[in-house]
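Read through the structure below, which is laid out as structure tokens, and then see the notes.
There are 2 protein chains.
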Amino acid sequence: MKQIACLVAVMMAVAGVIIIATSASGEADEGAAPNFGIATMPAGYRDWRVISVAHEAGSLNDLRAVLGNDIAFAAARDGKLPYPDGAIIARLAYSYVPSAENNKAFGREQSFVAGAPTNVQFMVKDSKKYAATGGWGFAQFNDGKAVDDALLKPCFGCHVPVKARDFVFTKYAP
Amino acid sequence: MKQIACLVAVMMAVAGVIIIATSASGEADEGAAPNFGIATMPAGYRDWRVISVAHEAGSLNDLRAVLGNDIAFAAARDGKLPYPDGAIIARLAYSYVPSAENNKAFGREQSFVAGAPTNVQFMVKDSKKYAATGGWGFAQFNDGKAVDDALLKPCFGCHVPVKARDFVFTKYAP
Numbered sequence: 000m001k002q003i004a005c006l007v008a009v010m011m012a013v014a015g016v017i018i019i020a021t022s023a024s025g026e027a028d029e030g031a032a033p034n035f036g037i038a039t040m041p042a043g044y045r046d047w048r049v050i051s052v053a054h055e056a057g058s059l060n061d062l063r064a065v066l067g068n069d070i071a072f073a074a075a076r077d078g079k080l081p082y083p084d085g086a087i088i089a090r091l092a093y094s095y096v097p098s099a100e101n102n103k104a105f106g107r108e109q110s111f112v113a114g115a116p117t118n119v120q121f122m123v124k125d126s127k128k129y130a131a132t133g134g135w136g137f138a139q140f141n142d143g144k145a146v147d148d149a150l151l152k153p154c155f156g157c158h159v160p161v162k163a164r165d166f167v168f169t170k171y172a173p
Numbered sequence: 000m001k002q003i004a005c006l007v008a009v010m011m012a013v014a015g016v017i018i019i020a021t022s023a024s025g026e027a028d029e030g031a032a033p034n035f036g037i038a039t040m041p042a043g044y045r046d047w048r049v050i051s052v053a054h055e056a057g058s059l060n061d062l063r064a065v066l067g068n069d070i071a072f073a074a075a076r077d078g079k080l081p082y083p084d085g086a087i088i089a090r091l092a093y094s095y096v097p098s099a100e101n102n103k104a105f106g107r108e109q110s111f112v113a114g115a116p117t118n119v120q121f122m123v124k125d126s127k128k129y130a131a132t133g134g135w136g137f138a139q140f141n142d143g144k145a146v147d148d149a150l151l152k153p154c155f156g157c158h159v160p161v162k163a164r165d166f167v168f169t170k171y172a173p
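These protein sequence lines are chains Y and H, in that order.
Using numbering that gives the first Met the number 0, the first residue of the first sequence is number 0, and each one after it goes up by one.
Using numbering that gives the first Met the number 0, the first residue of the second sequence is number 0, and each one after it goes up by one.
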């Protein structure tokens with residue numbers, strides 16, 4: 000019994016060392032971490048308020064809702080730019096699906112609704128941490144999993160044309 | 000000075016009578032009141048959480064966000080139907096506008112965003128008050144003003160095909 004207790008203690012100690020090592024590593028090279036160091040989706044993002052909605056046709060072919068946490072939503076709504084540190088914008092995209100049910104009610108083919116989710120993107124404002132990319136960190140999650148960092152490399156470059164709006168394309172819909 | 004004070008008092012009294020009369024009338028024939036008795040837009044609806052998004056093409060040609068107050072949002076998200084009394088669903092519609100700015104960033108013509116608001120519709124659940132229309136009251140506001148009651152007459156009939164989902168077309172987008 001004592002041996003088992005000792006073994007458990009050793010295992011816990013080793014696990015502790017691994018956790019500490021991982022944490023230290025994470026802190027050491029945060030800037031180079033995948034998804035700008037945004038390893039998981041911000042908690043509760045699905046409950047955030049909506050800044051606007053959009054449709055991307057072409058190969059993306061999605062319907063999207065752009066949500067903001069309280070800091071981002073207030074800044075977008077009030078037009079108070081730049082977005083303060085702590086602001087997070089979430090872009091939820093869904094496949095663009097014709098609705099036979101709605102079309103029947105309308106009596107014509109015109110209705111498109113949100114189908115299965117495709118991916119979720121985030122812009123996280125931290126003017127110091129992300130100084131090299133306009134103060135924004137960029138992240139994308141497919142099925143809840145962070146995408147390969149290479150996919151996020153072009154993000155900031157694309158957002159530069161809207162520098163005057165603090166690099167955010169979406170405008171608040173009243 | 001006394002005369003002015005008296006005149007003001009009389010004016011206030013008359014105004015009071017009018018207000019009381021209006022209120023009494025409103026209570027007396029609530030079922031026949033315009034917009035199902037929903038005279039003003041529910042407070043704070045723009046801050047409600049998003050149930051889903053959609054696009055209506057054709058003559059409507061809009062992008063829409065379907066929001067729910069806390070009761071409606073929880074019922075939609077959890078699939079707990081029928082919607083409880085107190086549930087309110089808001090459908091915000093915006094003109095469907097191509098975005099030259101976004102298209103330039105994407106390098107192709109594919110991007111449509113929310114333009115000017117067109118109108119806001121509400122479904123208000125009160126199983127007793129609106130028993131004749133599946134427990135739902137229907138309202139529409141153009142520029143914040145309630146539309147003519149005749150426009151709302153067809154609402155319920157159109158929603159009957161989705162009786163199994165408590166007369167609500169929109170499904171929750173996760």
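Cβ atoms here follow ideal geometry from the backbone N, Cα and C, with glycine treated the same way.
What you are looking at is a predicted structure, and each value in this text was computed from that prediction instead of being measured.
If you compare alpha carbons, which of the options is closest to residue i?
i: V119(H); options: Q109(H), K127(H) and I88(H); result: I88(H)
i: R48(H); options: N141(H), R107(H), L91(H) and P97(H); result: L91(H)
i: L64(H); options: E100(Y), D69(Y), V52(Y) and S110(Y); result: As written in the sequence, residue 64(H) is Ala, which differs from the Leu given in the question. Among E100(Y), D69(Y), V52(Y) and S110(Y), the Cα nearest to that of A64(H) belongs to V52(Y).
i: R107(H); options: D77(Y), V161(Y), N60(Y) and G43(Y); result: N60(Y)
i: V167(Y); options: G43(Y), S58(Y) and G78(Y); result: G78(Y)
Where residue i and residue j are concerned, what is the direct C-alpha to C-alpha distance, given to the nearest angstrom?
i: A71(Y); j: P83(Y); result: 8 Å
i: A38(Y); j: V159(H); result: 45 Å
i: R45(Y); j: C154(H); result: 29 Å
i: P173(H); j: P116(Y); result: 7 Å
i: A56(Y); j: A99(H); result: 14 Å
i: F111(Y); j: N101(Y); result: 8 Å
i: W135(Y); j: P81(Y); result: 11 Å
i: F105(H); j: Q109(Y); result: 25 Å
i: V183(Y); j: A131(H); result: Outside the shown range of chain Y, which is 0 to 173, sits residue 183(Y), and nothing can be said about it.
i: K128(Y); j: G36(Y); result: 10 Å
i: K152(H); j: K103(H); result: 44 Å
i: G43(H); j: G43(Y); result: 20 Å
Within a Cβ cutoff of 7 Å, which residues of the same chain sit near residue i, ignoring the five residues on either side of it in sequence?
i: C157(Y); result: none
i: L150(Y); result: Q139
i: Y171(H); result: I50, S51, A75 and R76
Using 10 angstroms around the beta-carbon of residue i, count the other beta-carbons present and answer buried if the total reaches 16, otherwise exposed.
i: S22(H); result: The predicted position of S22(H) is uncertain, since its pLDDT is 34 and thus under 50; a value taken from the coordinates is nonetheless stated next. With fewer than 16 other Cβ atoms within 10 Å, it is exposed.
i: A215(H); result: Outside the displayed range of chain H (0 to 173) lies residue 215(H), so it cannot be described from this structure.
i: D142(Y); result: exposed
i: D165(Y); result: buried
i: E26(Y); result: Annotation note: pLDDT 36 at E26(Y) (below 50); position unreliable, coordinate value reported separately. Result: exposed.
i: A163(H); result: exposed
Apart from the five residues on each side of it in sequence, which residues of its chain come closer than 6 Å, Cβ to Cβ, to residue i?
i: T169(Y); result: I50, S51 and V65
i: L62(H); result: H54, Y93, Y95 and A113
i: N34(H); result: A138 and A145
i: D28(Y); result: With a pLDDT of 41 at D28(Y), under the threshold of 50, the predicted position of this residue should be treated as unreliable, though the coordinate-derived value follows. So the list is empty, once near-sequence residues are dropped.
i: S126(Y); result: D84 and G134
i: P97(H); result: F111
i: A73(H); result: none
i: S24(Y); result: Its pLDDT being 35, under 50, S24(Y) is placed unreliably in this model, and the value from its coordinates should be taken loosely. Closer than 6 Å at Cβ, skipping near neighbours: no residue.
With a CB to CB cut of under 8 Å and the five nearest residues on each side skipped, what residues in its chain are close to residue i?
i: P41(H); result: N68, I87, A89, F121 and V123
i: D148(Y); result: P33 and N34
Considering residue i, what are the terminal residues of the alpha helix (DSSP H) in which it resides?
i: G156(H); result: C154 to H158
i: K103(H); result: A99 to F105
i: A64(Y); result: Looking at the DSSP string, A64(Y) is not in any alpha helix (DSSP H); the run it does join, the beta strand (DSSP E), is D61 to G67.
Could you give the first and the last residue of the continuous beta strand (DSSP E) run that contains residue i?
i: G136(H); result: W135 to N141
i: A53(Y); result: R48 to E55
i: Q120(H); result: S110 to K124
Looking at the C-beta of residue i, does it have a partner C-beta in chain A at a distance below 8 Å?
i: A113(Y); result: Among the protein chains of the structure shown, namely Y and H, there is no chain A.
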